[in-house]
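Student: Chains as they are written, first to last, in this note's numbering: chain A, 37 to 207; chain B, 37 to 207. By construction, the Cβ of each residue, glycine as well, lies at the ideal position given by its N, Cα and C atoms. Just so we're clear, the structure is a prediction, and the values are computed from it rather than from any experiment.
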């Protein structure tokens with residue numbers, strides 16, 4: 037059995053969640069199962085419909101209907117902690133080949149839970165489970181334990197030209 | 037109608053083709069159509085099966101059954117030029133909402149065709165067509181005309197630990 041690796045996609049550039057989605061698509065094509073947990077996010081994204089197309093692909097959001105801009109509310113914390121608890125169970129059960137923890141780095145950045153809890157969750161996962169962590173500001177502890185870390189670096193972005201997120205492209 | 041943008045994913049890190057795949061999945065979920073051209077590549081990748089799952093997703097390879105390591109052969113050049121001609125037609129016809137030119141930067145790096153030809157192809161595309169170019173070594177001309185450029189930067193990679201590409205994860 038393959039050892040499951042820890043992959044991290046971080047940095048200020050576009051393509052972190054998108055790469056996790058692409059990885060999920062590729063995995064499903066190879067007959068693998070994927071649990072895609074979205075922390076922080078609670079908006080209706082186009083990718084939520086992917087469950088209709090992809091056998092073995094499950095997606096769940098653990099956030100509110102908006103991003104956190106200032107201080108997280110009690111609800112933000114409660115939703116994120118619920119997500120952490122569910123993902124801890126899923127990772128230790130080993131039912132899914134791949135578990136994506138989308139924007140978990142942002143949840144850590146806002147201290148919705150502690151990095152030690154995430155490290156423990158990753159260490160306690162069932163053998164062979166591949167984990168993908170995304171989001172800016174990946175903490176040093178996560179980078180340290182990861183097998184693969186890619187920084188998405190923004191070189192040029194049309195948001196700076198005033199273009200907002202477009203359905204089916206960014207959201 | 038949305039203006040179609042030019043997106044570039046370059047750099048030495050993992051996640052360029054994967055991000056283009058994720059973007060395709062998201063687009064298809066939103067009812068958009070995608071033409072995914074793979075230059076250089078001719079291997080059986082898991083993602084080739086995505087056409088079975090995704091309505092509106094077309095994928096075609098314009099390369100040989102191995103990567104180019106040294107000098108490109110006449111066959112490499114011929115396959116790539118055929119791809120360029122087909123993609124030029126597809127882009128100008130505007131039949132697809134999104135056209136991915138996977139590893140086209142590598143085709144340019146190996147001079148399988150000229151950057152001026154790619155610039156012309158992009159400029160001549162039908163209105164509203166979004167184009168995604170991937171591959172290391174994106175030339176300055178392409179970065180200059182792009183609306184969004186992300187560099188995938190390798191921070192840590194398990195290939196350096198001797199792990200080879202695994203089906204459904206990297207290939």
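(1) When you compare the CB of residue 130(B) with every CB in chain A, is at least one pair closer than 9 Å?
(2) To the nearest angstrom, how far is the alpha carbon of residue 90(A) from that of residue 69(B)?
(3) Does the Cβ of residue 160(A) have 16 or more other Cβ atoms within 10 Å, making it buried, or fewer, making it exposed?
(4) Helix, strand or coil for residue 7(B), going by three-state DSSP, please let me know.
(5) Answer yes or no: does any C-beta atom of chain A fall closer than 9 Å to that of residue 193(B)?
(6) Are the CB atoms of residue 49(A) and residue 191(A) nearer to each other than 9 Å?
(7) In angstroms, rounded to a whole number, what distance separates the CA positions of residue 101(B) and residue 78(B)?
(8) Where DSSP assigns a beta bridge to residue 136(B), which residues make up the other side?
(9) What do you get for residue 98(A), buried or exposed, if any count of 16 or more other CB atoms within 10 angstroms of its CB means buried?
(10) Taking C-beta pairs closer than 8 Å, name the residues in chain A that residue 79(B) reaches, listed in chain order.
(11) Please list the residues of the segment 175–188 of chain B that have a C-beta atom closer than 8 Å to any C-beta atom in chain A, keeping them in chain order.
(12) Are there three or more Cβ pairs, one per stretch, closer than 8 Å when the segment 162–176 of chain B is compared with the segment 137–150 of chain B?
(13) If you measure from the beta carbon of residue 60(A) to each beta carbon in chain B, is any gap under 9 Å?
(14) Quick check: residue 182(B) and residue 149(B), are their CB atoms within less than 9 Å of each other?
(15) Per DSSP, what are the beta-bridge partners of residue 190(B) in this structure?
(16) Are residue 73(A) and residue 95(A) close, meaning C-beta to C-beta below 9 Å?
(17) Only counting the same chain, and skipping five residues up and downstream in sequence, which positions put a Cβ closer than 8 Å to that of residue 184(A)?
(18) Skipping 5 residues on each side, what residues in its chain have a beta carbon closer than 6 Å to that of residue 124(B)?
(19) Would you list, in chain order, the members of the segment 64–92 of chain A that have their beta-carbon closer than 9 Å to a beta-carbon of chain B?
(20) Starting from residue 45(A), find everything on chain B with Cβ-Cβ shorter than 8 Å and list it in chain order.
Tutor: With the structure as the only source:
(1) It does not; no Cβ of chain A falls within 9 Å.
(2) Those two C-alpha atoms are separated by around 17 Å.
(3) Residue 160(A) counts as exposed, since fewer than 16 other beta carbons sit within 10 angstroms of its beta carbon.
(4) The shown model of chain B, from 37 to 207, leaves out residue 7(B), and the question about it has no answer.
(5) Residue 193(B) counts as touching chain A.
(6) In this structure, residue 191(A) lies closer than 9 Å to residue 49(A) by Cβ.
(7) Cα to Cα, the separation comes out at about 4 Å.
(8) Answer by DSSP bridge pairing, in chain order: 72(B) and 168(B).
(9) Taking all protein chains shown into account, residue 98(A) has 16 or more neighbouring C-beta atoms within 10 Å of its C-beta and is therefore buried.
(10) Near residue 79(B) there are no residues of chain A at all, since even the closest Cβ is about 13 Å away, more than 8 Å.
(11) Across the segment 175–188 of chain B, CB contacts with chain A closer than 8 Å involve 179, 182, 183, 184, 185, 186, 187 and 188, in sequence order along the chain.
(12) Touching, per the Cβ criterion.
(13) With a threshold of 9 Å between beta carbons, residue 60(A) makes contact with chain B.
(14) The answer is no: Cβ separation not under 9 Å.
(15) For residue 190(B), which the question treats as bridged, DSSP gives the partners 186(A).
(16) The answer is yes: Cβ separation under 9 Å.
(17) Here the set comprises 41, 42, 43 and 44.
(18) The beta carbon of residue 124(B) sits closer than 6 Å to those of 157, all from its chain and outside the five residues before and after it, given in chain order.
(19) Result list: 64, 65, 66, 67, 68, 81, 82, 83, 84, 85, 86, 88, 89, 90 and 91.
(20) Near residue 45(A) (Cβ distances below 8 Å), the residues of chain B are 51.
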